[in-house]
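Participant: Residue numbers (my numbering), protein chains in the order written: chain A, 195 to 420; chain B, 2 to 484; chain C, 2 to 58. Glycine is no exception: its CB is placed at the ideal position from the N, C-alpha and C atoms. All values derive from a computational prediction rather than experimental measurement. I am attaching a structure below and will ask some questions about it afterwards.
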Amino acid sequence: MRDKITGWALPALSVLLFLAALGMVFFYAPREATMGDVQRIFYFHVASAWVGFFGFFVTFCGSVAYLLRGARTWDILALASAEVGLAFITMTLLTGMLWAKPAWGAYWIWEPRLTISAVQWVLYVAYSMLRGALDAPERGARFAAVYGIVAFVTVPLSWFAIRWWRTIHPQLLSGGEMAITPPMLTTLLVSLAAFTVLYAALLRARMQLERERDALAALRAAQEGA
Amino acid sequence: MIEFRGVTKAFGAQRALVGVDLSIGAGEWVALTGPNGAGKTTLLRILATLAQPTSGSVRLFGLNPREHGAQIRRQIGYLSHRTLLYPDLSAEQNLRFYARCYGLNDSAARIAPLLEQAQLTARRHDLVATYSRGMQQRLALARVLLHAPPLLLLDEPYTGLDTFAAEELTAQLSQLHGAGCTLVLATHTWEGETFPAQRALILQRGRLIHDAPLGERAAFPALYRQVVTQGTSQPPVNAGVPAAPEAPSAAPEAPSSAPLPGFWRQVGAILAKDLAAEVHTRELLSAMGVFAVLALLIFSFALNMQGHAAGAAVPGVLWTTLAFAGTLGLSRSLAREQGTGGLEGMLLTPVERTAIFAGKALGNWLLMLVVALVLWLLSAVLFNLVLWEAGMLPVLLLGTGGYAVVGTLLAAIAVNTRAREVLLPVLLLPLLIPLLIAAVQATGGLMQGLGAAAGGDWLRLLVVYNLVAVAVALLTFGYVVEE
Amino acid sequence: MTTNLYLWAAYGIFCAIPLGLAVSLAARRRRVQRQMGEEIGARGKAANGGDERRAPQ
Numbered sequence: 195m196r197d198k199i200t201g202w203a204l205p206a207l208s209v210l211l212f213l214a215a216l217g218m219v220f221f222y223a224p225r226e227a228t229m230g231d232v233q234r235i236f237y238f239h240v241a242s243a244w245v246g247f248f249g250f251f252v253t254f255c256g257s258v259a260y261l262l263r264g265a266r267t268w269d270i271l272a273l274a275s276a277e278v279g280l281a282f283i284t285m286t287l288l289t290g291m292l293w294a295k296p297a298w299g300a301y302w303i304w305e306p307r308l309t310i311s312a313v314q315w316v317l318y319v320a321y322s323m324l325r326g327a328l329d330a331p332e333r334g335a336r337f338a339a340v341y342g343i344v345a346f347v348t349v350p351l352s353w354f355a356i357r358w359w360r361t362i363h364p365q366l367l368s369g370g371e372m373a374i375t376p377p378m379l380t381t382l383l384v385s386l387a388a389f390t391v392l393y394a395a396l397l398r399a400r401m402q403l404e405r406e407r408d409a410l411a412a413l414r415a416a417q418e419g420a
Numbered sequence: 002m003i004e005f006r007g008v009t010k011a012f013g014a015q016r017a018l019v020g021v022d023l024s025i026g027a028g029e030w031v032a033l034t035g036p037n038g039a040g041k042t043t044l045l046r047i048l049a050t051l052a053q054p055t056s057g058s059v060r061l062f063g064l065n066p067r068e069h070g071a072q073i074r075r076q077i078g079y080l081s082h083r084t085l086l087y088p089d090l091s092a093e094q095n096l097r098f099y100a101r102c103y104g105l106n107d108s109a110a111r112i113a114p115l116l117e118q119a120q121l122t123a124r125r126h127d128l129v130a131t132y133s134r135g136m137q138q139r140l141a142l143a144r145v146l147l148h149a150p151p152l153l154l155l156d157e158p159y160t161g162l163d164t165f166a167a168e169e170l171t172a173q174l175s176q177l178h179g180a181g182c183t184l185v186l187a188t189h190t191w192e193g194e195t196f197p198a199q200r201a202l203i204l205q206r207g208r209l210i211h212d213a214p215l216g217e218r219a220a221f222p223a224l225y226r227q228v229v230t231q232g233t234s235q236p237p238v239n240a241g242v243p244a245a246p247e248a249p250s251a252a253p254e255a256p257s258s259a260p261l262p263g264f265w266r267q268v269g270a271i272l273a274k275d276l277a278a279e280v281h282t283r284e285l286l287s288a289m290g291v292f293a294v295l296a297l298l299i300f301s302f303a304l305n306m307q308g309h310a311a312g313a314a315v316p317g318v319l320w321t322t323l324a325f326a327g328t329l330g331l332s333r334s335l336a337r338e339q340g341t342g343g344l345e346g347m348l349l350t351p352v353e354r355t356a357i358f359a360g361k362a363l364g365n366w367l368l369m370l371v372v373a374l375v376l377w378l379l380s381a382v383l384f385n386l387v388l389w390e391a392g393m394l395p396v397l398l399l400g401t402g403g404y405a406v407v408g409t410l411l412a413a414i415a416v417n418t419r420a421r422e423v424l425l426p427v428l429l430l431p432l433l434i435p436l437l438i439a440a441v442q443a444t445g446g447l448m449q450g451l452g453a454a455a456g457g458d459w460l461r462l463l464v465v466y467n468l469v470a471v472a473v474a475l476l477t478f479g480y481v482v483e484e
Numbered sequence: 002m003t004t005n006l007y008l009w010a011a012y013g014i015f016c017a018i019p020l021g022l023a024v025s026l027a028a029r030r031r032r033v034q035r036q037m038g039e040e041i042g043a044r045g046k047a048a049n050g051g052d053e054r055r056a057p058q
């Protein structure tokens, strides 16, 4: 019974928060002076970028914990977080391009933050491909954990490399361009909260799926052994 | 000598061993039987310290394999399904390499009689790849006996041997047993194998269902059939250790008192082995070199690199070419280890895991450096550029070094996946982004004559990348190779 | 007005991707649960009809 309530609470809360944030983006946040309505992409775009990176961080933590402790739960956490994080980074990339076109006249510019999102996206995809190509369950989980660690560690290095490489270009997204008013900040924070809860709900669902798969595999193994 | 308490080994949901209790004393000869998939190989691999149990405790020679791996490994000889030999090396080179891994000082004196015994003295300089199955099997046994281990683990040693060879093997094993060796021999067909074991274990679906002195040999096949079909042993499983004839516990001419080889000597042995294999085959260097030259030519057509345009494009082209050529060499270099189980052979020796990594990474670094040198010279000629600035050497060393470190780690992962060579670039290239940006920028700065000052920041990034890569790789490589 | 098109497209993506992931997760879970049901059913018929969800034995 209690499990059922908590099982529904998280998805319901995430839907509510998502709708609230959506409402704030369109009806509460003021129209930005220089960029107009397109600037409204900003709220969810930044929120998904944040959560996407956070998902990667969780994968990193899960990977380290798995190597140290060896408990399957950590492996499941790393796997689920990477899959959910990939969805968020994909959103960041696509909407970033949709924002870049009207704002700067091109779908893609090699702006550092956009570029690092692309790098993260490629890393997530490589991680998923590795997950898909593994046979030995335990050993495969260790491979994925090592990759999760190495991949996360290269993100800050990539960030510095890309930023130095692009310093010649103007910092288009820096704070000076867009004056953030208090209502804008509130909207951004609510969006951030909504995306975090959404991430948690999806993560939980993905972890449950993996646990059920484990249970099925155990059942089948027992069947075979009996 | 061997103590198992409630040992269980699970592969995901599949359980290969379930609650095995077992103790084997010094000087015993134990036959391990059971149908296919009963867990015999898993049991032997745990004994050989190649695998760790999921639960339960294992003690070998009174030591915990997790803590005293190196000490235990030098007292164990494990004959696997695979030969664990390098086909690209000669018989003598193979044995000399393993002797160095075990830290044997008098390797030449050890190797000569073993080659004689394996009847390979005449062909000791030929590559193992040219040997027949029987010759490889004999050499594999010589590898197992190299360090005169007091405990021998043999996984189906009679498979593929003709009657004479089988008799010869039995004679050899009996002699070793007589000299005080403990033998654990796994077999799935009992008929026809006439080795004088004293005690028989039967495994079925991971459980030890029979443990008793062998007794009447002729009666065993019938007993075996009965036990396996019923799933339990009629007389209860032998609880205690059967009274084994107390053999002299001193191992035959045990050289284990010699100190373990130092870290850098281990690295040197692995590096020398890789270089020797490369000298024999020349496959890595030629493939990488030709690929690099081809890529350079194609880039020059595709990007229309002439005159001024060349200057801007060359650094990027060089490092891109190097990155792609590198994945070819890395895949092959690790596939060499995987093919006949060379990596497993190294893991059986007291060599440290980090030394294995360092040896492989160093070898790959050398290869990358040679290819880079060829590329740099070639592009200097083709595009009429002054490439040799004083600051170029650290950029080259750090660029290829970071690549080799991360690449070796990832190749060790990719070689164990289904997609193998295809997956390696997909996994590796995203991780190299900061390295490639820094290397290209530093090279470009140097080529434009901006001097070392312009490349300073990039050089620093390269140093940081290398340090981080080495630290992460050394910390995680053990998890990659462990089963 | 055309700029608003980008805005709508972006929020379309923001809604579609999480929804898509949620639906796909639900579908995959339902399939696993169905297979588990079949497995338990076969087991129940074969032996004592245990309904344990976790690894038995």
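Expressed to the nearest angstrom, what Euclidean distance is found between the alpha-carbon atoms of residue 182 of chain B and residue 149 of chain B?
Facilitator: Those two C-alpha atoms are separated by around 9 Å.
Participant: Roughly how far, in whole angstroms, is the beta-carbon of residue 184 of chain B from the beta-carbon of residue 153 of chain B, given that I think they are within contact range, below 8 Å?
Facilitator: With a Cβ gap of about 5 Å, residue 184 of chain B and residue 153 of chain B count as contacting.
Participant: State yes or no: is the beta carbon of residue 30 of chain C nearer than 8 Å to at least one beta carbon in chain A?
Facilitator: Cβ-Cβ to chain A under 8 Å: yes for residue 30 of chain C.
Participant: Evaluate contact between the segment 274-294 of chain B and the segment 362-379 of chain B, counting only Cβ atoms and requiring at least three cross-stretch pairs below 8 Å.
Facilitator: Contact between the segment 274-294 of chain B and the segment 362-379 of chain B is present, because at least three Cβ pairs lie under 8 Å.
Participant: How about residue 14 of chain C: is its C-beta nearer than 8 Å to some C-beta of chain A?
Facilitator: Yes, residue 14 of chain C lies at the interface with chain A (some Cβ there is under 8 Å from its Cβ).
Participant: Can you tell me the Cα-Cα spacing of residue 216 of chain B and residue 189 of chain B, whole angstroms?
Facilitator: Residue 216 of chain B and residue 189 of chain B: Cα-Cα distance of roughly 19 Å.
Participant: With 16 other CB atoms within 10 Å as the buried threshold, where does residue 24 of chain C fall?
Facilitator: Under this definition residue 24 of chain C is an exposed residue.
Participant: For residue 5 of chain B, which residues does DSSP report across the bridge?
Facilitator: Looking at the DSSP assignment, residue 5 of chain B forms a beta bridge with B:23 and B:59.
Participant: Which two residues bound the contiguous beta strand (DSSP E) that contains residue 34 of chain B?
Facilitator: It spans 30-34 - the beta strand (DSSP E) in which residue 34 of chain B sits, taken as one unbroken run.
Participant: Suppose you measure from the CA of residue 247 of chain B to the CA of residue 25 of chain B; what does that come to, to the nearest Å?
Facilitator: Caution is warranted here: a pLDDT of 44 is assigned to residue 247 of chain B, below 50, making its placement in the model unreliable, and no coordinate value can be reported.
Participant: Assign residue 90 of chain B to one of three DSSP states: helix, strand, or coil.
Facilitator: DSSP places residue 90 of chain B in coil when its eight states are reduced to three.
Participant: Residue 245 of chain A CB to nearest chain B CB: under 8 Å?
Facilitator: So no, residue 245 of chain A is outside the interface.
Participant: Under a three-way DSSP split, which group does residue 107 of chain B fall into?
Facilitator: Note: residue 107 of chain B maps to coil in three-state DSSP.
Participant: For residue 303 of chain A, which residues of its own chain have a beta-carbon under 7 Å away from its beta-carbon, when the five flanking residues on both sides are left out?
Facilitator: So the list reads 294, once near-sequence residues are dropped.
Participant: Residues of chain A with CB under 8 Å from residue 9 of chain B, in chain order?
Facilitator: The contacting residues do not exist; residue 9 of chain B stays about 13 Å from chain A at best.
Participant: Ordered along the chain, which non-local residues of its own chain (more than five positions away) have a Cβ less than 6 Å from that of residue 139 of chain B?
Facilitator: Same-chain partners within the cutoff: 119.
Participant: What is the C-beta distance between residue 257 of chain A and residue 274 of chain A, in whole angstroms, given that I count them as a contact (C-beta under 8 Å)?
Facilitator: 12 Å between Cβ atoms; not a contact.
Participant: Following the continuous beta strand (DSSP E) through residue 79 of chain B, name the residue where it begins and the one where it ends.
Facilitator: Residues 77-80.
Participant: Near residue 349 of chain B, which residues of its chain fall below 8 Å by C-beta distance, leaving aside the five closest residues on each side in sequence?
Facilitator: Counting only Cβ-Cβ distances below 8 Å, and skipping sequence neighbours, we find 49, 50, 51, 74, 77, 79 and 85.
Participant: Can you list, in chain order, the residues of the segment 251-269 of chain A whose Cβ is nearer than 9 Å to any Cβ on chain C?
Facilitator: Cβ contacts with chain C: none found.
Participant: Is it buried or exposed, residue 298 of chain A, if we count other Cβ atoms within 10 angstroms and call 16 or more buried?
Facilitator: Exposed, because fewer than 16 other Cβ atoms sit within 10 Å of the Cβ of residue 298 of chain A.
Participant: Relative to the C-alpha of residue 177 of chain B, which candidate in B:47, B:151 and B:81 has its C-alpha closest?
Facilitator: If we check each option's Cα against that of residue 177 of chain B, B:151 comes out closest.
Participant: Starting from residue 214 of chain B, trace the beta strand (DSSP E) in both directions and tell me its first and last residue.
Facilitator: Taken as a continuous stretch (DSSP letters only), the beta strand (DSSP E) holding residue 214 of chain B covers 208-214.
Participant: So which residues of chain C does residue 314 of chain A contact, with C-beta pairs closer than 9 Å?
Facilitator: Under the 9 Å cutoff, chain C gives no residues; its nearest Cβ is about 16 Å from residue 314 of chain A.
Participant: How big is the Cα-Cα spacing for residue 475 of chain B and residue 355 of chain B?
Facilitator: Taking the straight line from one Cα to the other gives about 6 Å.
Participant: Shorter than 8 Å from the beta carbon of residue 405 of chain B to some beta carbon of chain A?
Facilitator: By this cut-off, residue 405 of chain B is not an interface position.
Participant: Under 8 Å between C-beta atoms, does residue 35 of chain C make it to chain A?
Facilitator: Chain A, which has no Cβ nearer than 8 Å to the Cβ of residue 35 of chain C, makes this no.
Participant: Helix, strand or coil: which one does DSSP assign to residue 21 of chain C?
Facilitator: Residue 21 of chain C falls in the helix class under three-state DSSP.
Participant: Is residue 82 of chain B buried or exposed, if buried means 16 or more other CB atoms sit within 10 Å of its CB?
Facilitator: Label assigned to residue 82 of chain B: exposed.
Participant: The alpha helix (DSSP H) that contains residue 297 of chain B, what's its start and end?
Facilitator: Note, residue 297 of chain B: alpha helix (DSSP H), 284-303.
Participant: For residue 309 of chain B, is the classification buried or exposed, using 16 other Cβ atoms within 10 angstroms of its Cβ as the cut-off for buried?
Facilitator: Residue 309 of chain B comes out exposed.
Participant: So, helix, strand or coil for residue 392 of chain B, using DSSP?
Facilitator: Residue 392 of chain B: coil per DSSP, three-state reduction.
Participant: Closer than 8 Å, CB to CB, is residue 385 of chain A near chain F or not?
Facilitator: Chain labels in this structure do not include chain F; the protein chains are A, B and C.
Participant: What does the alpha-carbon distance come out to for the pair residue 224 of chain B and residue 108 of chain B?
Facilitator: So the alpha carbons of these two residues sit roughly 45 Å apart.
Participant: Can you tell me whether residue 303 of chain B is buried or exposed? The criterion is at least 16 other CB atoms within 10 Å of its CB, across all chains shown.
Facilitator: Per the 10 Å Cβ criterion, exposed.
Participant: For residue 328 of chain B, which of helix, strand or coil comes out of DSSP?
Facilitator: Note: residue 328 of chain B maps to helix in three-state DSSP.
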